Amino acid sequence: MDEFERIYQEKLNKDHNLEQLPEPPVRNSKLAKRKKRGHMDWPVAVLVLLILAIGTVMVLSSSYAREYYEGTTNLATFRSQLIFALGGVLAMFAFQLFPMQLYNRSAVPIMLFAVIALALVMTPLGQTMNGARRWLKLGITFQPSEIAKFGIVLVFAAYMSKDTEFALSGRRKRGQPLRNYIGQEVLRILPLLIVAAVVLALLLKEPHVSACIIITSMCVAMMWTGGVKKFWFVLLLIPIAAVVLYVVKELPSREVIGKMTDKELRQYDYVLRRVIVWLAPERFSTGEGLQVLQSLYAVGSGGLTGLGLGQSRQKLLWLPEQSNDYIFAIVCEELGLIGALLVLALFALLIFRCFWIALKARRRFDKIVCIGYTAKLLLQVFFNVAVVTNLIPCTGISLPFFSSGGTALLLQMAEMGIILNVSRGIGDEEEAVQ
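In terms of this note's numbering, the sequence shown is residues 11 to 444.
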């Protein structure tokens with residue numbers, strides 16, 4: 011009987027050709043997802059690498075004169091920037107490989123670390139430079155504000171994407187009392203407001219007004235994308251109007267500023283001093299107005315084609331922070347108007363491409379993260395160029411991928427890696443099916 015069943019089964023298999031049937035596909039396996047994962051957006055990667063290469067060369071050009079004067083001939087600033095640039099490239103390509111769920115889950119731990127680090131800046135572990143206490147020394151020296159910018163994007167995106175109906179939950183139901191609706195809206199965005207308020211309060215203690223402006227603008231962009239009701243943005247105008255009214259009320263007249271000395275200037279608080287110097291930098295040419303004036307000299311002396319790479323005069327101990335916040339002034343002086351516009355054109359292409367990726371992103375978390383990091387890039391480029399050309403009062407904002415500084419550069423490259431990660435999800439067929 012057993013022999014009969016064996017012969018029958020062999021004949022059945024042969025007739026139906028069962029041994030040649032393919033294995034059923036496993037749609038939810040990691041291997042299947044990996045095969046269907048899209049490619050990263052190479053235009054973004056190429057633009058980032060090109061901007062980074064130009065920025066690293068400009069750090070070398072802008073820093074060696076001061077180092078030579080100080081007796082340092084080993085190009086310490088350039089070597090440090092080059093090491094961080096290479097590390098940043100590795101970080102960018104590494105961060106585009108990890109699943110986006112990992113960034114979602116790590117948002118809260120990163121933000122907690124940033125808040126603790128910001129609080130430690132006010133302790134003896136913090137370091138003061140140029141009148142602001144913004145650096146923390148824990149074996150290495152870094153700026154916690156940069157980690158806060160990185161983490162707050164992930165936290166906002168994680169919270170607003172934890173419920174796919176976040177945007178719809180903000181709608182007022184038919185017959186719902188207005189008081190109940192407003193209370194519901196407050197509770198809905200209260201966690202976001204608490205996180206932002208804690209970070210901004212710690213930054214104002216340093217003080218770091220520029221970081222407050224950038225983080226506030228990033229949060230507004232993400233909340234707008236996430237579906238927060240528009241009337242909350244109208245309420246945001248109240249504190250902005252209060253700050254403007256305070257500055258207008260306390261600001262001395264033009265006649266008083268025209269006769270003011272550096273000693274009298276120091277009697278005003280941080281914000282008012284910056285506004286006064288912005289209005290009349292020539293009155294404080296030996297004090298707080300020195301940086302602005304020397305920056306304008308560098309921008310103006312570059313002309314159309316520039317003095318040539320490495321030929322800047324203002325970097326010869328005239329312009330402070332020439333390889334950091336004011337490196338764009340050296341770009342204008344050495345590369346001229348044409349070179350400066352080309353650099354800005356590369357930034358513009360990168361920003362537009364990142365916004366395009368945000369629009370194409372399939373998941374809410376990916377879209378909000380991409381909007382947050384792209385808004386940060388746009389704001390930092392705009393504010394840095396505006397400060398260098400004295401369009402706005404002086405603030406300590408670095409130029410992405412150009413200004414020397416390891417913490418900022420590594421995190422900026424990591425942010426670009428996350429945006430590249432989002433771009434891979436655009437062509438992810440498995441995600442589209444789900």
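Every residue, glycine too, gets a C-beta built ideally from N, C-alpha and C. All figures in this text were calculated on a predicted structure; none of them were measured in a lab.
Nearest to residue i (by Cα), restricted to the options the options
i	options	result
R434	F103, P262, L421, I157	F103
L446	F412, A129, L430	Given that the chain is displayed from residue 11 to residue 444, the structure contains no residue 446 and the question cannot be resolved.
K215	H49, C380, A142, L275	A142
V237	I199, K273, E260, V266	Residue 237 is actually Gly in this sequence, not Val. That would be I199, whose Cα lies nearest to the Cα of G237.
P119	V163, P53, T417	V163
Q422	L275, Y79, R283, G97	G97
K172	L387, R373, I436, P410	R373
Y113	L317, M232, V254, V379	V379
I224	A158, V165, T66	A158
A211	I407, A129, T82	A129
Q111	V165, R144, T82	V165
T405	E260, L282, L146, E274	L282
With 16 other Cβ atoms within 10 Å as the buried cut-off, status of residue i
i	result
F160	buried
R264	exposed
M426	buried
V205	buried
Q277	exposed
G310	exposed
Y280	exposed
N84	exposed
K377	buried
T3	What is shown of the chain runs 11 to 444, which leaves residue 3 out entirely.
A252	exposed
T271	exposed
P35	Bear in mind that the predicted position of P35 carries a pLDDT of just 49, short of 50, making it unreliable; the figure below should be weighed with that in mind. By the 10 Å Cβ count, P35 comes out exposed.
L255	exposed
I428	buried
G149	exposed
V432	buried
L387	buried
Beta-carbon proximity of residue i to residue j, cut-off 8 angstroms
i	j	result
V230	L246	yes
V208	V125	yes
A339	V398	yes
Q153	T417	yes
G299	E343	no
S333	S155	no
L306	I348	no
V56	C364	no
I381	F393	no
M233	L202	yes
F357	V302	no
F94	L420	yes
**Message:** Quick check: the stretch 366-375 against the stretch 200-220, are at least 3 beta-carbon pairs closer than 8 angstroms?
**Reply:** No contact exists between the stretch 200-220 and the stretch 366-375.
**Request:** Any chance you could list the alpha helix (DSSP H) runs of at least 4 consecutive residues sitting entirely within the stretch 227-273, in chain order?
**Result:** As far as the stretch 227-273 is concerned, its whole alpha helix (DSSP H) runs of at least 4 residues are 241-260, 264-268.
**Message:** Can you confirm whether the stretch 321-336 touches the stretch 288-297 when touching is taken to mean that 3 or more C-beta pairs between the two stretches lie within less than 8 angstroms?
**Reply:** No, they do not touch.
**Message:** Going residue by residue through the stretch 358-434, where are the continuous alpha helix (DSSP H) segments of at least 4 residues, counting only ones entirely within it?
**Reply:** As far as the stretch 358-434 is concerned, its whole alpha helix (DSSP H) runs of at least 4 residues are 374-398.
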